[in-house]
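K.L.:
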Amino acid sequence: MTKKKRTKQNFILNLIFLIGFLVALYPFYVGALNHFIDEQRIKTLQSQTNKNILSKEASMRKKNAKLRQDGIVAGSDPFSGSTYNEHVDLKKHLIGKISISKIGLDIPLFDTTNEETLNYGATVLQGTSFPIGGEGTHSVISAHRGLASRVLFTNLNKVKKNDVFVLTVLHKKLAYKVFKIQIVKPEDYQGLKIEPNKDLVTLLTCTPYMINSHRLLVTGYRVPYTADMTKKIDTANKWHTLKQGIILIGVVLLLIGQFFLLYRKIVMMQLSKKKFNFSFYRLNKNGEPIADIGYQLFSKNGKVTLKRDGAPLIRYSNLDGQVVFDNLPGNVYVMKELGIPNQNKVKIGVKKISDRHMSFYPKKQDRFYFNSKNDENWIKM
Numbered sequence: 293m294t295k296k297k298r299t300k301q302n303f304i305l306n307l308i309f310l311i312g313f314l315v316a317l318y319p320f321y322v323g324a325l326n327h328f329i330d331e332q333r334i335k336t337l338q339s340q341t342n343k344n345i346l347s348k349e350a351s352m353r354k355k356n357a358k359l360r361q362d363g364i365v366a367g368s369d370p371f372s373g374s375t376y377n378e379h380v381d382l383k384k385h386l387i388g389k390i391s392i393s394k395i396g397l398d399i400p401l402f403d404t405t406n407e408e409t410l411n412y413g414a415t416v417l418q419g420t421s422f423p424i425g426g427e428g429t430h431s432v433i434s435a436h437r438g439l440a441s442r443v444l445f446t447n448l449n450k451v452k453k454n455d456v457f458v459l460t461v462l463h464k465k466l467a468y469k470v471f472k473i474q475i476v477k478p479e480d481y482q483g484l485k486i487e488p489n490k491d492l493v494t495l496l497t498c499t500p501y502m503i504n505s506h507r508l509l510v511t512g513y514r515v516p517y518t519a520d521m522t523k524k525i526d527t528a529n530k531w532h533t534l535k536q537g538i539i540l541i542g543v544v545l546l547l548i549g550q551f552f553l554l555y556r557k558i559v560m561m562q563l564s565k566k567k568f569n570f571s572f573y574r575l576n577k578n579g580e581p582i583a584d585i586g587y588q589l590f591s592k593n594g595k596v597t598l599k600r601d602g603a604p605l606i607r608y609s610n611l612d613g614q615v616v617f618d619n620l621p622g623n624v625y626v627m628k629e630l631g632i633p634n635q636n637k638v639k640i641g642v643k644k645i646s647d648r649h650m651s652f653y654p655k656k657q658d659r660f661y662f663n664s665k666n667d668e669n670w671i672k673m
């Protein structure tokens with residue numbers, strides 16, 4: 293295989309690796325990015341005026357009062373695809389967030405359930421109470437479990453009895469302690485009903501994970517919100533945000549590295565189309581030319597012997613100490629002085645499209661011996 297073909301093959305392999313890398317890590321970097329987007333959505337909600345908040349709360353309390361009389365009807369299963377699918381104003385329907393410190397969860401909460409809101413956070417199931425607290429209410433909050441782009445109720449199965457989750461709705465914090473966990477069929481929501489004098493919230497998602505044949509119901513009753521809960525939520529959110537930040541930074545650095553490698557492959561492919569002559573002078577410590585010193589070229593990693601017409605590419609210094617390698621494809625090579633294993637070894641070649649001639653690229657400790665200036669090169673030792 294020629295060097296040109298190897299370079300092209302390496303470029304294609306790097307490109308395939310980059311595409312595979314982006315596909316394989318999609319859930320991680322998209323999930324991390326969405327985490328920060330969700331944080332901004334919630335901050336925007338917190339900036340709403342008290343007038344807007346009071347207006348929304350009054351409307352919700354009125355609807356809850358009617359449900360208290362008529363009873364809640366959970367309606368169709370939110371994950372069956374029967375909920376309507378149309379573009380909605382997420383900002384308009386965002387009412388707060390749900391936090392579960394046990395599983396490090398902190399996601400947006402929307403006041404309606406449809407295909408779009410389910411893709412962005414947790415949603416209040418139509419026909420159930422709005423989660424603003426109060427006796428004689430039962431709100432059902434649903435969220436996906438297996439989205440690649442977001443971690444919503446993915447780990448809800450890890451929540452156990454006596455764990456606490458917190459709703460932040462219209463600037464108010466409402467805490468609920470889990471007392472009942474059920475697994476039911478998608479059509480079996482009869483247990484979801486308003487109980488007199490009780491303030492209940494049920495979290496709803498699919499189970500088992502990625503199979504989704506049943507529904508997981510995690511129900512909690514209202515308990516006083518305490519400063520200790522705030523501390524736990526803040527700590528969980530802090531570490532979750534740090535984790536997502538590390539993931540994003542790591543992915544960005546890996547992408548930069550891969551794009552740089554691809555860029556270098558493209559540069560080397562372009563350079564390989566050009567031909568260069570490389571010449572230098574072999575001098576002793578006193579600056580006098582040395583004749584009949586042999587030099588051999590190898591690949592960039594120093595492991596593959598370069599050949600021309602089937603013979604190793606070797607050149608010797610003439611009486612003026614000059615060594616000439618002619619008609620070399622643009623690239624970086626390793627040049628070794630014959631008779632001295634692993635000594636007087638240096639990289640030569642071109643690295644940039646703008647390079648007009650080849651130069652030495654010595655290691656830092658060898659720069660005193662190998663010199664390049666304009667189109668002149670020499671070794672002095």
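Counted the way the numbering used here counts, the sequence shown spans residues 293 to 673. Glycine included, each C-beta is placed from N, C-alpha and C at the ideal position.
(1) Rounding to the nearest angstrom, what Cα-Cα distance links Glu643 and Val624 in this structure?
(2) Compare the beta carbon distance of Pro400 and Val493 with 7 Å and say whether it is the shorter of the two.
(3) Give the C-beta separation of Val416 and Ser393 to the nearest angstrom, bearing in mind that I take them to be a contact with Cβ-Cβ under 8 Å.
(4) Going by the DSSP bridge assignment, what does Glu668 pair with across the sheet?
(5) Looking at Asp480 and Val425, is the spacing between their C-beta atoms short of 7 Å?
(6) If Lys389 and Asp398 are in contact, beta carbons under 8 Å, what's the gap, nearest whole angstrom?
(7) Using the three-state DSSP reduction, which class does Lys485 fall into: helix, strand or coil?
(8) Hey, how far is the Cα of Val461 from the Cα of Asn344?
(9) May I ask you to report which of helix, strand or coil DSSP gives Met650?
(10) Using beta-carbon positions only, say whether Lys639 and Lys628 come within less than 7 Å of one another.
(11) If you count every other CB in all the chains shown that lies within 10 Å of the CB of Asn669, and 16 or more means buried, which is it?
(12) Once you ignore the five residues that flank Lys450 on each side, which residues in its own chain have a CB closer than 8 Å to its CB?
(13) Where does Ile433 fall in DSSP's three states?
(14) Determine, using beta-carbon pairs with one atom in the region 527-547 and one in the region 495-508, whether at least three such pairs fall under 8 Å.
(15) Note down the Cα distance separating Asp584 from Arg607, rounded to an integer number of angstroms.
(16) Considering only their Cβ atoms, is the gap separating Ala435 from Ala414 smaller than 7 Å?
(17) What are the start and end residues of the alpha helix (DSSP H) that includes His532?
(18) Compute the Euclidean distance between the alpha carbons of Pro654 and Phe662, then round it to the nearest angstrom.
(19) How many Å lie between Phe402 and Gly549 at the Cα?
(20) For a quick check, are the C-beta atoms of Val616 and Ser571 less than 7 Å apart?
(21) Reducing DSSP to helix, strand and coil, say where Gly388 ends up.
(22) Round the Cβ separation of Leu448 and Val510 to the nearest angstrom and send it over; I've been treating them as touching at under 8 Å.
(23) If the criterion is Cβ atoms closer than 7 Å, does the pair Phe568 and Leu620 meet it?
(24) If you count every other CB in all the chains shown that lies within 10 Å of the CB of Asn489, and 16 or more means buried, which is it?
(25) From what residue to what residue does the alpha helix (DSSP H) around Glu408 run?
(26) Given Asp362, which residues of its chain have a CB within under 6 Å of its CB, disregarding the five upstream and five downstream residues?
(27) Nearest CA to the CA of Gly537: which residue from Leu305, Phe328, Val476?
P.N.:
With the given structure in hand:
(1) The count along the sequence shown starts at 1 and reaches residue 643 at position 351. The count along the sequence shown starts at 1 and reaches residue 624 at position 332. For the sequence presented, residue 643 should be read as Lys rather than Glu. Going from the Cα of Lys643 to the Cα of Val624 covers about 7 Å.
(2) Here residue 400 refers to the residue found at position 108 when the sequence shown is read from its first residue. Here residue 493 refers to the residue found at position 201 when the sequence shown is read from its first residue. With respect to the 7 Å criterion, Pro400 and Val493 are not classified as neighbours on the basis of their beta carbons.
(3) Along the sequence shown, read from residue 1 onward, the residue named residue 416 stands at position 124. Along the sequence shown, read from residue 1 onward, the residue named residue 393 stands at position 101. 21 Å between Cβ atoms; not a contact.
(4) As a first step, residue 668 must be located in the sequence shown, where it is residue number 376. According to the DSSP secondary-structure assignment, Glu668 is paired through a beta bridge with Lys665.
(5) As a first step, residue 425 is located in the sequence shown; it is residue number 133 there, counting from the start. As a first step, residue 480 is located in the sequence shown; it is residue number 188 there, counting from the start. Strictly speaking, residue 425 in this sequence is Gly, with Val absent from that position. Result no, Cβ atoms of Gly425 and Asp480 do not sit closer than 7 Å.
(6) Numbered from 1 along the sequence shown, position 97 holds the residue referred to as residue 389. Numbered from 1 along the sequence shown, position 106 holds the residue referred to as residue 398. Right, the Cβ-Cβ distance comes to about 6 Å (below 8 Å), so this counts as a contact.
(7) Counting from one through the sequence shown, the residue named residue 485 turns up at place 193. Coil.
(8) Working through the sequence shown from its first residue, we reach residue 461 at position 169. Working through the sequence shown from its first residue, we reach residue 344 at position 52. Whole-angstrom Cα-Cα distance: 13 Å.
(9) As a working mapping, residue 650 is identified with position 358 in the sequence shown. Residue state, collapsed to three classes: coil.
(10) Counting from one through the sequence shown, the residue named residue 639 turns up at place 347. Counting from one through the sequence shown, the residue named residue 628 turns up at place 336. Not in contact: Lys639 and Lys628 (Cβ atoms no closer than 7 Å).
(11) Here the question's residue 669 lines up with position 377 in the sequence shown. It is buried - the Cβ of Asn669 has at least 16 other Cβ atoms within 10 Å.
(12) For this step, residue 450 is matched to residue 158 along the sequence shown. Taken in chain order, the residues that qualify are Lys394, Ile395.
(13) Residue mapping note: residue 433 aligns to position 141 of the sequence shown, counting from 1. In the structure shown, Ile433 sits in a strand (DSSP, three-state: E or B).
(14) Touching, no.
(15) Here residue 584 refers to the residue found at position 292 when the sequence shown is read from its first residue. Here residue 607 refers to the residue found at position 315 when the sequence shown is read from its first residue. Between the C-alpha atoms of Asp584 and Arg607 there is a straight-line separation of about 9 Å.
(16) Working through the sequence shown from its first residue, we reach residue 414 at position 122. Working through the sequence shown from its first residue, we reach residue 435 at position 143. Going by C-beta atoms, Ala414 is nearer than 7 Å to Ala435.
(17) Walking along the sequence shown from the start, residue 532 turns up at place 240. Start and end: 519-563.
(18) By 1-based counting over the sequence shown, the position of residue 654 is 362. By 1-based counting over the sequence shown, the position of residue 662 is 370. Phe662 has its alpha-carbon roughly 6 Å from the corresponding atom of Pro654.
(19) Within the sequence shown, numbered from 1, the residue matching residue 402 stands at position 110. Within the sequence shown, numbered from 1, the residue matching residue 549 stands at position 257. Distance between the alpha carbons of Phe402 and Gly549 is about 39 Å.
(20) Here residue 616 refers to the residue found at position 324 of the sequence shown. Here residue 571 refers to the residue found at position 279 of the sequence shown. Yes.
(21) As a first step, residue 388 is located in the sequence shown; it is residue number 96 there, counting from the start. Assigned with DSSP and collapsed to three states, Gly388 falls in strand.
(22) What you label residue 448 is simply residue 156 of the sequence shown in a count that begins at 1. What you label residue 510 is simply residue 218 of the sequence shown in a count that begins at 1. Going by Cβ atoms, the distance from Leu448 to Val510 rounds to 6 Å, so yes, they are a contact pair.
(23) For the purposes of this step, residue 568 is taken as the residue at position 276 of the sequence shown. For the purposes of this step, residue 620 is taken as the residue at position 328 of the sequence shown. It is a contact, given that the beta carbons lie within the stated cut-off.
(24) The residue labelled residue 489 in the question sits at position 197 within the sequence shown. Taking every protein chain shown into account, the CB of Asn489 has fewer than 16 other CB atoms within 10 angstroms, so this residue is exposed.
(25) Translated into positions along the sequence shown, residue 408 becomes position 116. The continuous alpha helix (DSSP H) containing Glu408 extends over residues 407-410.
(26) Locating residue 362 in the sequence shown gives position 70, counting from the first residue. Excluding sequence neighbours, Asp362 sits near nothing in its chain.
(27) Stepping through the sequence shown from its first residue, residue 537 is reached at position 245. Cα-wise, what sits closest to Gly537 is Phe328.
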